[in-house]
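K.L.:
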Amino acid sequence: MSTDDKPERTPAEEPEFGSQLGGQPDDAIDVDPLATPPGEAADEAAFGRGEGVGDSKEVEGLSQGQIVWSRFIRHKGAMGGMIVLGLVALLSLTSMGAFGIPGWWRIQNFNSSGNVINGAAPTLKLWPFTLGEHPFGQDDIGRDNFALVMKGIQTSLLVMVVLGIIALLIGVAVGALSGYYRGKIDTALMRFTDLVITLPVIVMGAVLGKLINTLPDKMGWSYDVTQAIRDNLPLLLAIMLGLVLWTGLARLVRSEFLTLREREFVDAARVAGASDWRIISKHILPNAVGVIIVNTTLMMAAAVTLEAALSFLGFGVKAPNVSLGMLISQYQGAFATRPWLFWWPGLFIILIALSINFIGDGLRDAFDPRTKRIPSQRQMNKAMAQILNDNTEKAGAAK
Amino acid sequence: MTSEATNNGKPDKAKSNEGGSPDLTTAVRLSKTLGGEVNRGDVILKVRDLSVNFWVNNGWFTAADKLSYDLKAGEVLAIVGESGSGKTQSAMSLIGLLPKNGRASGSAKLKDTELIGMSINQLQHIRGNEISVIFQEPMTALNPVYTVGFQIVETLRTHFVMAPSQAKKRAIELMTLVEIPDPIDSFDKFPHQLSGGQRQRIMIAQALACDPKLLIADEPTTALDVTVQGEILKLMRELRERVTAAIILITHDMGVVADMADRIVVMKDGQVVEHGTSDEIFNRPEHPYTRQLLDSVPHLGSVTAEEELPAARLTLVSEGEQAGVPLEAGDPSVTPAMLMEDVAIEYPKQGRRPAFRAAHHINLRVDPGDVVGLVGESGSGKTTIGRAAVALLPVAEGKLTINGRDVTSAKPSELKPFRKEVGIVFQDPGSSLNPRLPVGESIGEPILLHLGLGGSELSKRVENLLESVQLPRAMRNRYPHELSGGQRQRIGIARALALQPKLLIADEPTSALDVSVQARVLKLFQDLQAEYGFACVFISHDLAVVEMLSQRIAVMRHGYLVEVGPTKEIVSDPQHPYTQRLLSAVPVPDPAEQKRRRELRDAIIEEQHIVS
Amino acid sequence: MLRFIARRLAIAVGLLLVLSVLMYWLLDIAMDPLDDLRTSPALNRDQLIELRVLQLNLDQPWYVRYWHWLTNCFQGNFGTAWRTGQSVNSLLGGAALTSIQLVFAATVIALLLGVTIGLLSALRQYTTFDYAITFVSFVLYALPIFWVAVLLKQYLAIGVNDYLNNPVMNWPVVLGISVIAGLFWAGALGTDLKRQLIVFGGAFAITLGTLCYILLSGWILRPQIGIVGIAIIGAAAAYAVTLIFSGINNKRALYSALTTAVVGVGTYVGVQWLFYYVPMNELWLIGLLLVAIAIALLIGWLWGGPDRAVSMRGAAVVAVIMSVFVYVDRVLQGWQTYMNMSAINRRPIATIGSQTPNLGGDFWIAQLDKWTHLLLPTIALVLISFAGYTRYQRGSMLEVMNQDYIRTARAKGLSERIVIVRHALRNALLPLASIVPVDFITMIGGAVITETIFNWAGMGRMFVTSLAQSEPDPVMIYIIITGGLAMIANLVADFLYGILDPRIRVNA
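Protein sequences appear in the order of chains L, W and Z.
Residue numbers for the first sequence follow the working numbering, beginning at 1 and rising by one.
Residue numbers for the second sequence follow the working numbering, beginning at 1 and rising by one.
Residue numbers for the third sequence follow the working numbering, beginning at 1 and rising by one.
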């Protein structure tokens, strides 16, 4: 194997986004010896089950999407993640309101201060369940921590979704173009990707975060513009971070395209007269969708912590907006006196990132055709004993 | 990591074995042997009611059901069956090498030792020592990061008290025994630096290292080219004379069976359907499945055996190593479906990897309605020609005319009318259909793109095509993964024929299929060709298949066409030395005839001094 | 090979230049050096602004300033942090080294831990142990590093410091830790129920015994290992190393490892004299380590027999382990002095800075001081990134265990230990070469946060403060160094990959 300017690697070994949770064929177990399960005779009935069809019994009549979905909903971790994420999103959206609709929590102006009640301690009680005046406590000037945290979750979710979409679009476009056309386009795009990837995302993010924070004042833009920027700071920040985070996805999509474009069905489409655009969009992209979905999901998990970290450092979301990272940064000194100000935002960051990671893991297992769960030895032994038992019974009955 | 000392073993009885290879008689065997002399003809393996089960989709599935057979030292037992018949797994269960979800039950005794249910520690003394295995894929079965010499030495030093220098000496002996060229140099080579045939020889040397009593050869030649296969088979047969080991040969290739086996077990769906001597199975098969299997195998020479050769020879032979055959004169009134004039084909430059020229000076003419078989071994450039003919690869030199249209330097935009008249069937039915599209859409794509048909019109066309490849209309809504390999290949053919092309390229369309399925697909192909009358370049490594289908044969080697002529002439009287070797290497499913052909082949190999 | 390196270096330098232009431009947009003056109520505001524009050459276009900066850099002058007037060169001096030390230590620890645990997790696939490891690594992976760091600083450090001054026996905690340790080892090493029970019992007893000894004997107030401890560690290391690398049946390897351990214990006393009479420095330590390795190699060679390399390697590993513990022992001997120093005031676990200012004391005290400062930031970095390595190594190990050559190795009759260590692990480690550089970059990013929280005078904090203060020069030099490090890491990884994987021939 000769090399280009890098030693060649298989796509599976390509470095990937963030700290490499995604991509590698995890839990890959080949239950290979069985070509076709019994009864799957197809039209070669007279000739035995000759051909390697995989487990078509299980999947008969299903499109690949349906198979992936059915595997996904059987993944306990992923389902747990979906439920937790759903509940968290529901709680934050309904309590503080969204899309112009007010929420049910009595303090809708999260920045308003109030009287410090009961030493600002949380009033949440699990049994019997009561929220009380300030379920997550208050800060030193009496702001309601519950309102702040719920609003912060909304910011995190917004950043996550917007950043995900932006990075997805750029990553797929760059990866698809360089993987499909190769040659000079590939070299140019990949050099650019190398450039972006050289610096830690937090460094690039900090510079871009600083940029949107200083620009209105520096440029002396009108009050309306400045105010619009201030109000939509999380959105703008998400867009900026999307411009940084696409690189891992681009590399993965590229290597996926490099592999897929050599597949014979692409040649077949070309012989059938399909244009480049049709080949990319209709033939290759749908086959790369697993890699794309899985890694976008994992990227979104990283996005949540990245936004929080930038806000913590002071280059992200700033008042009057609220972000979980910003809350932690504000209250880190109060740890000894008001630890709840530190625990609640942290807990929700972890809950969100963890559930998305589990969802991503479930998606990867669902998309990976090689993944087959093997039951524990004990379960297999039990089933085997059952069969042996049945056989002896039958034999006994026959006598 | 280097190998490690294994000098704690109690000096066991040195194994004396007259059939064994030299040095081992003095070495101290570290692993316990089963003891006792083994002579030719002793029963060394007794298998009784051996079953293998696999846990799939929450249930136990029987992969092999109650196998029983005996095996004598020095004997070759072939286990034959198509994929999924349980032949490999039943043999792997002997040494406990089933996947995690597999279980074996029943009994298998090596001499007097029960193998089924043996503890892993005991098994480690059996594996590689008493029973060794030759695997199918020599590329993946050797560890890529260690030298082949180290891997043989490792086997030796696991089972013998041996200094590294001794082990190395013995390894080089073994490598000499399996005829590795330049064994001392090759000792330090990594697997990827050797050819496929050489790697398989290393596997054999490794398997023979400890002088085992039983050798399991799992499809040992399936991944190899036919001439290399011939050499490996020759080697294995010679070794058979020299060692007393019994051999279990697992294969789907009846030709290989005819070449090697003393006795044969035929398996289907995990059951043994027939068991007998080679003579019985080939000449007096009793079970209908065995008969069907034998009938499905294309038999080289069966088509033209009785016919007379025409007096005037039409075969063209290349002059030397670096030259192709000249262009045959054709009927000037006929426009050839494909005409290659001194064509060279290159894989374009890829980054810093330079362009690679895979075919040189090709002169080939395919007339309308003709089927031309293009044969050659892997890497000979035959697929390259097929891909160039449908403009998937650019022509670097010369002139390529398809249906009278010069496409040598056509721009992509000019290719559309040309593409309407050609079709291609790919080798791997698993890869040639888009997994995310229902097969109906795959078939309909050329119609949609060229004729602009849609809706019910398109559906009707697709359904007709499905019918013509003998598949139910309802199948158009299925996805490729729901179909069997044979069905997928029929879909591939239907797609290639969607626009009723004048020229069809068939690139090894049946080589990934089991023989019985292959037989049916080939039959279908013949019928369709008769019906539609397209010209066809049928690319295959299997001469017997090509002989069945084509009027003319073109033989490729190292990127050059070396011989072109009518099928009958080529098969019965090849001119080029390479064609002769290729033909003689094809094993035929008939022990008596194969014996005759084998002698011929060995003579040719001797005469041409070929070393793989 | 040389051409390959030269080519890659050229590309890296080119990329770095492009990166510097791009970032200078971006920073020029993002920074507003006049922000404090804009809102200033001072009467001479316009004059002040004019002055600053002149001072920073803001009247010139950014590319002119960039060129100026670049040419200065090539002459070794990296500019100034204009708000304080400090030159970047002086800022950078200690900062770069401090940061690299932190990131490097964290990477090595995370890599070792992550790979080991990932390997165990893969070998015990679909067991409770595997699920537990998977779950824990997911939780760690989801932890925001700044949150962990604040937690460590504000919670753990205070608690530990309090505890160190008043170590009391807390039975429920001690028993709990022992049970967890027992369960971990039982899950990691046990194959069947019987063995799991044995391992659980053993690990539980050892952990409980050790903890009881530490707490009840007052060890924690006077921590040291001593010659007995060194002897026990040496023997354990000799057996463990032999077991993993060559199999306990290889007597020569075992004897050379044990001999090394004995020699190590023997020299312990001599080395104490040396430490006492000769003032030490880092160079001495490295020299002593090399001597130890050389002696071990000699021992291995003498015992060697036909497999010298195996014995020598094992002995060398034992020597390194023992040297580390002799070093730890000597550092710990300064513990009481250190605790009672006025600058420390019996609160040894540091939460601020990378060293105690005006500490005084000899080389060993300085070493101890360095470690107490490194402790928390390193834990924070390791906790986050080791989860990634665990997941990656688990996946790659599972992939390799399904390869044909593993089946071949088993079919040859090799023991499971050799199959795993020699055939599987070696191949499963290869893809790490492409992962480590990426993670190294992530780690540098993590250091930005930990340095800020723990107030380290490192490059990361320099970056954050300078960016906030709109000082382009320090930020630029940070970007150049970080980018350079990333490129070197990539280059080294590719180089290693080419050496370790014979299938790859590097020809430029």
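We put the beta carbon where it would ideally sit given N, CA and C, even for glycine.
#1: Can you pull the chain L neighbours of Z/Gln154, defined as C-beta to C-beta under 9 Å?
#2: Between W/Glu238 and chain Z, is any beta-carbon pair separated by less than 7 Å?
#3: Spatial neighbours of W/Gln580 within its chain, please: CB distance less than 7 Å, with the 5 preceding and 5 following residues excluded, ordered by chain position.
#4: Can you name the start and end residues of the alpha helix (DSSP H) that W/Lys523 belongs to?
#5: Please classify L/Gly137: is it buried, with 16 or more other beta-carbons within 10 angstroms of its beta-carbon, or exposed?
#6: Quick one: is L/Phe129 near chain W, going by C-beta distance under 7 Å?
#7: Taking Cβ positions only, does Z/His68 come closer than 7 Å to chain W?
#8: Who are the neighbours of Z/Leu414 on chain W, taking C-beta pairs under 9 Å?
#9: May I ask you to report which of helix, strand or coil DSSP gives W/Glu274?
#10: Near Z/Gly182, what residues of its chain come up, given a Cβ to Cβ distance below 6 Å and the 5 sequence neighbours on each side ignored?
#11: Where Z/Trp303 and Z/Ile248 are concerned, what is the direct C-alpha to C-alpha distance, given to the nearest angstrom?
#12: Buried or exposed for L/Gly39, please, with buried defined as at least 16 other CB atoms from any protein chain shown within 10 angstroms of its CB.
#13: For Z/Thr408, decide whether its Cβ has a neighbour in chain W, counting only Cβ atoms nearer than 7 Å.
#14: Which residue comes first and which comes last in the beta strand (DSSP E) that contains W/Arg679?
#15: Count the CB pairs spanning the stretch 489–504 of chain Z and the stretch 124–142 of chain Z that are closer than 8 Å, and state whether there are at least three.
#16: Reducing DSSP to helix, strand and coil, say where Z/Ile248 ends up.
#17: Is it right to say L/Thr337 is buried, meaning 16 or more other beta carbons lie within 10 angstroms of its own, or is it exposed?
#18: Using 8 Å for Cβ pairs, my map puts W/Gly559 next to W/Ala359. What's the rounded Cβ distance?
#19: Return the bridge partner residues of Z/Tyr389 from the DSSP annotation.
#20: Might you give, ordered along the chain, the residues of its own chain that have their beta carbon closer than 8 Å to the beta carbon of L/Ile356, omitting 5 neighbours on each side?
#21: Bridge partners for W/Ser107 per DSSP, in chain order?
#22: What first and last residue would you give for the alpha helix (DSSP H) that runs through Z/Gly76?
#23: Which residue comes first and which comes last in the beta strand (DSSP E) that contains W/Pro566?
#24: Under 7 Å between C-beta atoms, does Z/Ile444 make it to chain L?
#25: Where does Z/Gln367 sit, in a helix, a strand or coil, going by DSSP?
#26: Could you tell me which chain Z residues have their CB closer than 7 Å to the CB of W/Leu393, listed as they occur along the chain?
#27: Pop quiz: Z/Leu102 and Z/Ala457 are said to be a contact at Cβ under 8 Å. What is the actual Cβ separation, rounded to whole angstroms?
#28: In chain W, what lies closer than 8 Å to Z/Ala411 by C-beta?
#29: Have a look at W/Ser165, W/Asp218, W/Gly486, W/Met267 and flag the residue whose alpha-carbon is nearest the alpha-carbon of W/Phe135.
#30: Would you check if the distance between the CB atom of W/Val272 and the CB atom of W/His287 is smaller than 7 Å?
#31: Under 8 Å: do the stretch 233–240 of chain L and the stretch 316–325 of chain L share three or more Cβ pairs, one atom per stretch?
#32: Can you pull the chain Z neighbours of W/Pro144, defined as C-beta to C-beta under 8 Å?
#33: Let me know the secondary structure DSSP gives Z/Met31 once reduced to three states.
#34: Identify which residue in W/Arg127, W/His125, W/Gly106, W/Lys111 has its Cα closest to the Cα of W/Gly117.
#35: For L/Thr193, name the three-state secondary structure that DSSP assigns.
#36: Let me check understanding here. Comparing Cα to Cα, which of W/Ala209, W/Ile202, W/Asp211, W/Cys210 lies closest to W/Pro220?
P.N.:
Working from what's here:
#1: Gln332, Gly333, Phe335, Ala336, Pro339, Phe342
#2: no
#3: Pro574, Ile604
#4: 515–532
#5: buried
#6: no
#7: no
#8: Gln124, Arg127, Gly128, Glu154, Thr155, Thr158
#9: strand
#10: Phe200, Ala203, Phe204
#11: 15 Å
#12: Here the model assigns L/Gly39 a pLDDT of 30, short of 50, so the residue's position is not dependable and the matter cannot be decided.
#13: yes
#14: As displayed, chain W neither begins before 1 nor continues past 612, which places residue 679 of chain W out of reach and without an answer.
#15: no
#16: coil
#17: exposed
#18: 5 Å
#19: Z/Tyr389 is not bridged to any residue.
#20: Gly81, Leu85, Met160, Thr297, Leu298, Met300, Ala301, Val304
#21: W/Arg48
#22: Z/Gly76 -> no alpha helix (DSSP H), and no H or E assigned at all.
#23: 560–566
#24: yes
#25: helix
#26: Per Cβ cutoff of 7 Å: no residues; W/Leu393 is ~26 Å from chain Z at best.
#27: 11 Å between Cβ atoms; not a contact.
#28: Ile95, Leu97, Arg127, Gly128, Ser132, Val133, Phe135
#29: W/Asp218
#30: no
#31: yes
#32: Tyr405, Asn427, Asp501, Pro502, Arg503
#33: coil
#34: W/Gly106
#35: helix
#36: W/Ile202
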